[in-house]
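Undergrad: Protein sequence lines, in the order shown, are assigned to chains A and B. For the first sequence, the numbering used here begins at 1 and goes up steadily by one. For the second sequence, the numbering used here begins at 1 and goes up steadily by one.
Protein chains: 2
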Amino acid sequence: MSTPTILVVEDESAIREMLCFTLQAAEMTVLEAGNAEQGWQLALTSMPDLILLDWMLPGVPGVSLLSRLKVHDKLKHIPVIMLTARADEVDQLQGFDMGADDYVTKPFSPRTLLARIRALLRRLDDGVGEVIVAGRMRLDNTSHRLTIDGDEVKLGPKEFRLLQFFMLHINRVFTRNQLLDEVWGDRVVVEDRTIDVHIRRLRRALEEHGCESYIQTIRGSGYRFSVIDPD
Amino acid sequence: MSTPTILVVEDESAIREMLCFTLQAAEMTVLEAGNAEQGWQLALTSMPDLILLDWMLPGVPGVSLLSRLKVHDKLKHIPVIMLTARADEVDQLQGFDMGADDYVTKPFSPRTLLARIRALLRRLDDGVGEVIVAGRMRLDNTSHRLTIDGDEVKLGPKEFRLLQFFMLHINRVFTRNQLLDEVWGDRVVVEDRTIDVHIRRLRRALEEHGCESYIQTIRGSGYRFSVIDPD
DNA sequence: TGCTGTTGTCATAAACTCGTCATATAGTCC
DNA sequence: GGACTATATGACGAGTTTATGACAACAGCA
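1) Can you give the beta carbon distance from B/V8 to B/L31, rounded, assuming they're within the 8 Å contact cut?
2) Once the 5 residues before and after A/P110 are set aside, which same chain residues still bring their CB inside 7 Å of it?
3) Using a C-beta to C-beta distance shorter than 8 Å, which residues of chain B count as neighbours of A/L57?
4) For the 8 Å Cβ check, are there 3 or more pairs between the stretch 178-194 of chain B and the stretch 130-142 of chain B?
5) Quick one: residues in its chain with C-beta nearer than 7 Å to the C-beta of B/L121, no 5 flanking neighbours on either side, listed in chain order?
6) By the 8 Å beta-carbon criterion, what residues does the stretch 42-53 of chain B contribute toward chain A?
7) Could you check whether A/D54 and A/L83 sit closer than 8 Å to each other, using their CB atoms as the reference points?
8) What are the boundary residues of the beta strand (DSSP E) that includes B/G222?
9) Give the DSSP-derived three-state secondary structure of A/I195 in the structure shown.
10) Buried or exposed: which applies to B/R219, given that a residue is buried once 16 or more other Cβ atoms fall within 10 Å of its Cβ?
11) Which residues in chain B have a C-beta closer than 9 Å to the C-beta of A/R200? List them in chain order.
12) Hey, quick one: how far does the beta strand (DSSP E) through B/E159 stretch, first residue to last?
13) With distances taken Cα to Cα, identify the nearest neighbour of B/H72 among B/L124, B/Q38, B/G150, B/A43.
14) Classify A/L66: buried if its beta carbon has 16 or more other beta carbons within 10 angstroms, exposed otherwise.
15) In the DSSP output, what is B/T29 paired with across the bridge?
16) Let's see if you can read the secondary structure: which residues bound the alpha helix (DSSP H) around A/E152?
17) Give me whichever residues DSSP pairs with B/V173 in a beta bridge.
18) Would you list the residues sitting across from A/Y214 in a DSSP beta bridge?
19) Check distances from the C-beta atoms of the stretch 160-174 of chain A to those of chain B and list, in chain order, the residues that come in under 7 Å.
20) Restricting to Cα atoms, I'd like to know which of B/T217, B/S221, B/E152, B/A33 is closest to B/T175.
21) What residue range is occupied by the uninterrupted beta strand (DSSP E) comprising A/A134?
22) Count the other CB atoms within 10 Å of the CB of A/R224; is the residue buried (16 or more) or exposed (fewer)?
23) Grouping DSSP H, G and I as helix and E and B as strand, with all else coil, what is B/T142?
24) Mind checking if A/R116 is an interface residue toward chain B, Cβ cutoff 8 Å exclusive?
25) Which residues share a DSSP beta bridge with B/L83?
26) If you measure from the beta carbon of A/E17 to each beta carbon in chain B, is any gap under 8 Å?
27) For the alpha helix (DSSP H) that contains A/R68, what are its first and last residues?
28) Less than 8 Å between CB atoms is the rule here; does A/R145 satisfy it with respect to chain B?
29) Just to make sure I have the definition right: I need the residues of chain A whose C-beta is within less than 8 Å of the C-beta of B/T142. Which are they?
30) Could you pull out every residue in the same chain whose Cβ sits closer than 6 Å to the Cβ of A/E10, ignoring the five residues on either side in sequence?
31) Would you say A/R244 faces chain B, with C-beta separation under 8 Å as the test?
32) Check whether chain A comes within 8 Å of B/P157, counting only Cβ atoms and requiring the distance to be less than that.
33) CA-CA distance, A/D149 and A/H209?
Put into structure tokens, the structure is as follows:
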């Protein structure tokens, strides 16, 4: 997601401004609402990618808006992060039960909040969690690192993306063109034999840890990632 | 996967109940265990599709069960999500290195957890689709794989397509010309005796697993695929 | 600017596939 | 059985698909 849109529903203007500043600095588009009703309207009309919702709002409380959002077919999938001053667990459980996706207590650091937001957005993007584990390999999407049996394996950017794609679709065969579309991006014009070379580079990196067998050639069809340990 | 079975290993009954409720609402079958030993037994006997494992368990800690699971041949492929209250990275790294497939910190929202569970399950049977099963053979188009009693059988592209066609039309007899049209494609000009050779090659591949009898010669008519185990 | 690392392409080697043929074997009809 | 036909099987070589190393263009960075 390039520039996600975040809806901020918060009555205290000081906090709202701080939030806007933080989010905009992080290249996000911000929509502001000072109360639940405004928030509801904005959510409906703008379909934001994520909603930051204050627990305590004048008039209609945040939880009410939350439950309203969560029963609406078009809005129910928008992740919501609740902001609250009360740190007691009752709140947390209640909020979660209403369908909040995360929960941040005030005061919070901009970095913490951004991290939570990014985590949620990332998960939305393609179901990519922080980490993908397959066999002896562990790929960390956050730190962009691959480890095999705990040892770090160095990969170039392209190889990393290729492997990431493979690990998101274990056992599935992809033609070179599919890989080009998915990993390189459609518009790019590249010779499809280039894939072979990158597969080679990926395999060579895995070779040092005996994992090259995880990437298999399906002659006539393409390539496949599959956890096959040679015995 | 229609109704996946999830094994929950968690000592705090309140959390366990919350989990069960959430999972069941999402049409999953739940198995409950209050400690590591129970979890181990249930895993062995029920072979769940996924395991939710608390980091902190009375007596044997969760990580111990995790490592035990990951060395057992039948259980090592079951994905495990660790639940933990401690959010520090040390824990995460340790858990991942033990082979956990994902990691969720308490408190977590039901939706978050479900999303992670679904992501893992989806990833697991991503490569499984359009499967044709016949007798001891199993042909998976998505992963481009033929397995007999679970062992992978290597086939050339043409043999794969030929077998695929046969398995789509079990018990039916095809003339050589029909096979040429269907598997090779019309326009192609090939000697129809070529079929014999490919049948031979296919049979040879199946021979190693005692399945060559699945392909029968109908003298004067052609060939047929039919599950006939020699006994 | 020079350095380092990445990336796409190419040429060549290597591996594999596939159609055909020659011959062996099996089935059928008299 | 003998003659004839249909199928099985092994071998071969042309053709195709992959693997691999080398290289030049290029980007990021000190």
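For each residue, glycine too, the CB sits at the ideal point set by N, CA and C. Keep in mind that this is a model prediction, so the values were computed, not measured.
TA: With the given structure in hand:
1) 7 Å
2) T22
3) None at all; the shortest Cβ gap to chain B is about 20 Å.
4) no
5) M1, P4, D49, L50
6) none
7) yes
8) 222-225
9) helix
10) exposed
11) In chain order: nothing, as chain B lies at least about 21 Å away.
12) Here B/E159 belongs to no beta strand (DSSP E); instead the alpha helix (DSSP H) covers 157-168.
13) B/A43
14) buried
15) DSSP lists B/T5 as the beta-bridge partner residues of B/T29.
16) From DSSP, A/E152 is part of no alpha helix (DSSP H) but of the beta strand (DSSP E) over 151-153.
17) B/R224
18) Answer is none; A/Y214 lacks a bridge partner.
19) Those residues of the stretch 160-174 of chain A that come within reach of chain B (Cβ to Cβ, closer than 7 Å) are L168, H169, I170, N171, R172, V173.
20) B/S221
21) 131-134
22) buried
23) coil
24) no
25) B/D54, B/V104
26) no
27) 62-71
28) no
29) N171, R172, V173
30) R16, D54
31) Residue coverage of chain A in this structure runs from 1 to 231, which leaves residue 244 of chain A outside it and unanswerable.
32) yes
33) Taking C-alpha positions only, A/D149 is separated from A/H209 by approximately 9 Å.
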